[in-house]
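Accompanying notes for the structure given below.
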Amino acid sequence: MDWGWQIWVYLWTAGMAGGAFFTGFLVNVFTNWKHQTFFRVSAVTAVPFGIIGVLALLFKINVYRVWHLFVSFEPTAMISIATWVLTLWLTVIFIMFLTWLLEWDAKNNPDKYSYNLEGAMAKTSKVLAWIAFFVSIIMFGYTGVLLANTSVPLWSDTGLLPALFSVSAVSTGIALTIVASLLVNKSGKLSISNDLIRKLADADAVVIVMEALVLTAYVIWLAIIGGAAGTSLSALLTGELAVMFWLGFVSLALLIPIILDLIRHFSKSEGRAATTLIALSVVLTIIGGFFLRIVITIGGQL
3 MDWGWQIWVY
13 LWTAGMAGGA
23 FFTGFLVNVF
33 TNWKHQTFFR
43 VSAVTAVPFG
53 IIGVLALLFK
63 INVYRVWHLF
73 VSFEPTAMIS
83 IATWVLTLWL
93 TVIFIMFLTW
103 LLEWDAKNNP
113 DKYSYNLEGA
123 MAKTSKVLAW
133 IAFFVSIIMF
143 GYTGVLLANT
153 SVPLWSDTGL
163 LPALFSVSAV
173 STGIALTIVA
183 SLLVNKSGKL
193 SISNDLIRKL
203 ADADAVVIVM
213 EALVLTAYVI
223 WLAIIGGAAG
233 TSLSALLTGE
243 LAVMFWLGFV
253 SLALLIPIIL
263 DLIRHFSKSE
273 GRAATTLIAL
283 SVVLTIIGGF
293 FLRIVITIGG
303 QL
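In my numbering, the protein residues as written are 3 to 304.
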């Protein structure tokens, strides 16, 4: 099977969507649900990317065969599973959005309902959020499993590809929530604290370091194995994909964001200067995450 652009797009958007929801949920939970606005912004921002991921997979399956997904379930069909996981996640999210709307309506129109609908919807939305959280982990983790569960040496000869894609998904997910937060603050309609944004940027820097370590282990493992995996690795490091790998992925997703974060810390940047450095860092992280999926997918097929 040819793993073309649809797979690149799915790997990138599904991973980032799952990572963004994962980030928003954890921030909210670990602050005792005090960052509800940030969580909701994260969830709303993640959904369009989840939808793009589903559409990419449906194009891969072939739009004329989409109906097969709804009349049969093949537990061994990897793309079919990916589609169902994404669809489940989106369904739970949309139901959760509905509970938010009902909660808002009950809060603003208390005489409209004969019982405590606001409280009921608040509790229901938390349950749905937990479900979506666990599905989001499966969702971004599966982006690596999809490729690893093949006979392609670059993808399957180590157990580190799912780990690499998962860490990258969390990194790009955090970056996406920061972009959304900055845009929301700029609009003036909602407010997400600059302190939280800075802490998220710091967290993303830590995740990027983890990603670099996993990448290093992945490369060393493949180099030791050699053979077909080593040949594919050479294409990434020194061959026809080298420019895309080093400039597109390593520089944009890892090196430059870390440098920008170090500049922000050591220069003790505040205000607009800090915001600019953070914004540039996270945008490059998101773009670099896309290049990672491209080079790994193409590299395995050379």
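Don't be surprised by glycine CBs; every beta carbon is placed ideally from N, CA and C.
- For Val94, the secondary structure class from DSSP, reduced to helix, strand or coil, is helix.
- Shown here, His267 sits in a helix according to DSSP, grouped into three states.
- C-alpha of Lys201 to C-alpha of Ser195: approximately 10 Å in a straight line.
- One thing to note: Leu304 has its Cβ within 8 Å of the Cβ of Ala237.
- Ala165 counts as buried, since no fewer than 16 other beta carbons sit within 10 angstroms of its beta carbon.
- Three or more beta-carbon pairs drawn from the region 14-22 and the region 140-147 are found closer than 8 Å, and the two stretches are therefore classed as touching.
- Check the Cα spacing between Ser253 and each of Gly291, Thr233 and Thr240: the tightest is with Gly291.
- The Cβ atoms of Ala182 and Asp263 do not sit closer than 8 Å to each other.
- Within its own chain, the residues whose Cβ lies closer than 7 Å to the Cβ of Ser168, once the five positions on either side in sequence are excluded, are Phe142, Gly143 and Gly146, listed in chain order.
- Apart from the 5 residues on each side of it in sequence, Val216 sits with its Cβ closer than 7 Å to the Cβ of Leu162, Ala165, Leu166 and Val169 in its chain, given in chain order.
- Taking all protein chains in view, the Cβ of Val209 is crowded by 16 or more other Cβ atoms within 10 Å, so the residue is classified as buried.
- In this structure, Thr174 sits away from Trp223, with a CB-CB distance that is not shorter than 8 Å.
- Lys191 sits in coil when the DSSP states are folded into three classes, being neither helix nor strand.
- Annotation for Asp206: the continuous alpha helix (DSSP H) segment containing it runs Asn196 to Ile227.
- Boundaries of the alpha helix (DSSP H) around Met123: Leu119 to Ala150.
- Contact check between the region 88-100 and the region 45-62: three or more CB pairs, one atom from each, fall below 8 Å, which counts as touching.
- In this structure the region 116-132 does not touch the region 266-277; the number of beta carbon pairs closer than 8 Å is below three.
- Here Tyr115 carries a coil assignment [DSSP, helix/strand/coil].
- Judged by their CB atoms, Thr15 and Ala58 are nearer to each other than the 8 Å cut-off.
- For Lys62, the enclosing alpha helix (DSSP H) stretches over residues Gln38 to Ile63.
- Around the beta carbon of Asp206, 16 or more other beta carbons lie within 10 angstroms, which makes this residue buried.
- Around Val297, the same chain offers Leu238, Leu243, Met246, Phe247, Gly250 and Phe251 as residues with beta carbons nearer than 8 Å, after the five sequence neighbours per side are excluded.
- Closest by C-alpha distance to Ala255, out of Ile227, Ile289, Ile226 and Thr240, is Ile289.
- Judged by DSSP secondary structure, Leu286 falls within the alpha helix (DSSP H) whose first and last residues are Gly273 to Gly301.
- In this chain, the alpha helix (DSSP H) harbouring Phe32 covers Trp7 to Phe32.
- Take the alpha-carbon of Leu148 and the one of Lys114: they are about 48 Å apart.
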